[in-house]
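Chemist:
2 protein chains.
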Amino acid sequence: MILLDENSKYKELLNREGIKSTRHRNAILELLEESEFPLTAEQLFITLRDKTASIDLSTVYRTLDTFASKNLIVKSNRADDGKALYELNHNEHKHHLLCVGCHKLISIDDCPIGELMQTLKNKIDFDITGHKLEIYGYCHDCKKYNHTLSSDT
Amino acid sequence: MILLDENSKYKELLNREGIKSTRHRNAILELLEESEFPLTAEQLFITLRDKTASIDLSTVYRTLDTFASKNLIVKSNRADDGKALYELNHNEHKHHLLCVGCHKLISIDDCPIGELMQTLKNKIDFDITGHKLEIYGYCHDCKKYNHTLSSDT
DNA sequence: AATGCAAATGCAAGGCAGTTGCAAGTAGTG
DNA sequence: CACTACTTGCAACTGCCTTGCATTTGCATT
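So the sequence lines, in the order shown, correspond to chains A and L.
Under this note's numbering, the residue at position 7 of the first sequence is numbered 7, and the numbers go up by one with no gaps.
Under this note's numbering, the residue at position 109 of the second sequence is numbered 262, and the numbers go up by one with no gaps.
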């Protein structure tokens, strides 16, 4: 009785990749698409469990693995804890600012080092295929506190 | 009966940080100092178990945590697997090239984006305190194979 | 619409990196 | 040397993630 259309929003995409279109896969893709930021498997699991019908955590992981192997999504690792993050592969290059105060993640759209990588490619004996840049610091809100507190690190 | 001198090589340093100088702590610092690259807790554990007297894995982890909290070492996360890496904090800024072919890690000494961070600091409402850059690709040795095989990504 | 089959899923158990509680050992102090 | 607080080993445990297996489901074919 719900959104049959909606549910198969990604059918073509999935079939094109040679995998079946299922309720869970569609839901996961949808969540990732809606989210501004990378999500953990657990976040997806909880949202899905509440929102749609129940889903098993292992299904979430397997689905994410499948998507990652098809390059539909990108898996990365958060720096501080060991949790993996998943986001849609927009095939656009993107970096984030990670606030060490409140752990907020802020996207920056243009890659500040794109051309630098080009230059570097020519200087070193190494075939650069990609890079990951994480920038740490304090966001607008945390700045204030930090200025009154900070000392070490 | 061994290297009493050697063993207390880091005594001063440790005491200065307010922690006791022990056989294990000295040994771990020594290994990290000798190593050109970040090591996992497990690598340290195995080396130490064979080399000096036996050590418990939990001691390795606790020691590494202690060192990290004193900023003697730096903990980071390898991108592909979930293992944490530890290296001496040289207080020098350093980046690595990670070969996705053979997983070799190559150091690059100068930070290619230092001044870029400076520029960025002024452009955005975010107090940058640090950054991490990982560059992926194929090293000299893996390049050859890659050229004959590669296609995607 | 019914059938068949491979792929997808749920469930429960397992694996692995890292953590914790506690008793025993040890460094540093007087 | 004795004392105390910090360290360590040991074993059990946690949390994230994976796997084996029986069941279900998507989808192509009849």
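The C-beta atom is built at its ideal place from N, Cα and C for all residues, glycine as well.
If you drop the 5 nearest sequence neighbours on each side, which residues of the same chain put their C-beta closer than 7 Å to that of M270 (chain L)?
Modeler: Cβ neighbours of M270 (chain L) beyond the five flanking positions: I281, H284.
Chemist: What residues are listed by DSSP as bridge partners for I128 (chain A)?
Modeler: Answer is L:G290, bridged to I128 (chain A).
Chemist: Taking the straight line between their C-alpha atoms, what separation do you get for R62 (chain A) and N168 (chain L)?
Modeler: So the two alpha carbons sit approximately 49 Å from each other.
Chemist: Per DSSP, which residues does C99 (chain A) bridge with? Please list them.
Modeler: BP columns for C99 (chain A) point to A:G137.
Chemist: What residue ranges within the stretch 211-271 of chain L form continuous beta strand (DSSP E) runs of no fewer than 3 residues, ordered along the chain?
Modeler: Counting whole runs of 3 or more residues, the stretch 211-271 of chain L contains the beta strand (DSSP E) stretches 226-230, 237-241, 248-252, 258-261.
Chemist: Would you mind working out which of L:D263, L:Y239, L:F190 sits nearest V213 (chain L), comparing C-alpha positions?
Modeler: Residue L:Y239 is the option with its Cα nearest to V213 (chain L).
Chemist: With distances taken Cα to Cα, identify the nearest neighbour of S171 (chain L) among L:I266, L:F220, L:C264.
Modeler: Checking the displayed sequence, the identity of residue 171 (chain L) turns out to be Gly instead of Ser. Checked all of L:I266, L:F220, L:C264; the closest Cα to G171 (chain L) is L:F220.
Chemist: Quick check on H140 (chain A) - is its C-beta less than 8 Å from some C-beta in chain L?
Modeler: With 8 Å as the cut-off, H140 (chain A) counts as an interface residue toward chain L.
Chemist: At least one CB of chain L closer than 8 Å to the CB of K132 (chain A): is that the case?
Modeler: It does; some Cβ of chain L falls within 8 Å.
Chemist: On the criterion of 16 or more Cβ atoms from any shown chain inside 10 Å, does N26 (chain A) qualify as buried, or is it exposed?
Modeler: Label assigned to N26 (chain A): buried.
Chemist: Assuming H90 (chain A) and I108 (chain A) are in contact, meaning their beta carbons sit under 8 Å apart, how far apart are those beta carbons, in whole angstroms?
Modeler: In fact, because the Cβ distance is near 14 Å, the residues do not count as touching under 8 Å.
Chemist: Would you mind working out which of A:G114, A:L105, A:N122 sits nearest C142 (chain A), comparing C-alpha positions?
Modeler: Checked all of A:G114, A:L105, A:N122; the closest Cα to C142 (chain A) is A:L105.
Chemist: Within 10 angstroms of the Cβ of G137 (chain A), are there 16 or more other Cβ atoms? Answer buried if so, exposed if not.
Modeler: By the 10 Å Cβ count, G137 (chain A) comes out buried.
Chemist: Please tell me whether I113 (chain A) and L133 (chain A) are closer than 8 Å, where the distance is taken between their beta carbons.
Modeler: Yes; because the gap between Cβ atoms is below 8 Å, this pair is in contact.
Chemist: Scan the stretch 246-265 of chain L for residues whose Cβ lies nearer than 8 Å to a Cβ of chain A and list them as they occur along the chain.
Modeler: Those would be L250, C252, V253, I259, I261, P265, in chain order.
Chemist: Where does C102 (chain A) land, buried or exposed, given buried means 16+ other C-beta within 10 angstroms?
Modeler: C102 (chain A) should be labelled exposed.
Chemist: Please report the straight-line C-alpha distance between S8 (chain A) and L29 (chain A), rounded to a whole angstrom.
Modeler: Looking at the two C-alpha atoms, the distance is approximately 11 Å.
Chemist: Using the beta-carbon of each residue, which ones in chain A are nearer than 9 Å to K162 (chain L)?
Modeler: Those do not exist, as K162 (chain L) stays about 26 Å from chain A at its closest Cβ, beyond 9 Å.
Chemist: Closer than 7 Å by beta-carbon distance: list the chain A residues that pair up with I288 (chain L), in chain order.
Modeler: By Cβ distance, chain A contributes I128, H131.
Chemist: Among L:C264, L:L217, L:K297, L:I277, which one has its Cα closest to the Cα of D125 (chain A)?
Modeler: For the residues L:C264, L:L217, L:K297, L:I277, the minimum Cα distance to D125 (chain A) belongs to L:K297.
Chemist: Rounding to the nearest angstrom, what Cα-Cα distance links Y10 (chain A) and S21 (chain A) in this structure?
Modeler: Distance between the alpha carbons of Y10 (chain A) and S21 (chain A) is about 7 Å.
Chemist: So, with DSSP's three-state summary, where would you put T237 (chain A)?
Modeler: As shown, chain A starts at 1 and ends at 153. That puts residue 237 (chain A) outside it, with no answer to give.
Chemist: Quick check: T119 (chain A) and K83 (chain A), are their CB atoms within less than 8 Å of each other?
Modeler: No, these two residues do not count as a Cβ contact at 8 Å.
Chemist: Taking the continuous alpha helix (DSSP H) assigned at E34 (chain A), which residues delimit it?
Modeler: Looking at the DSSP string, the run of the alpha helix (DSSP H) that includes E34 (chain A) is 23-34.
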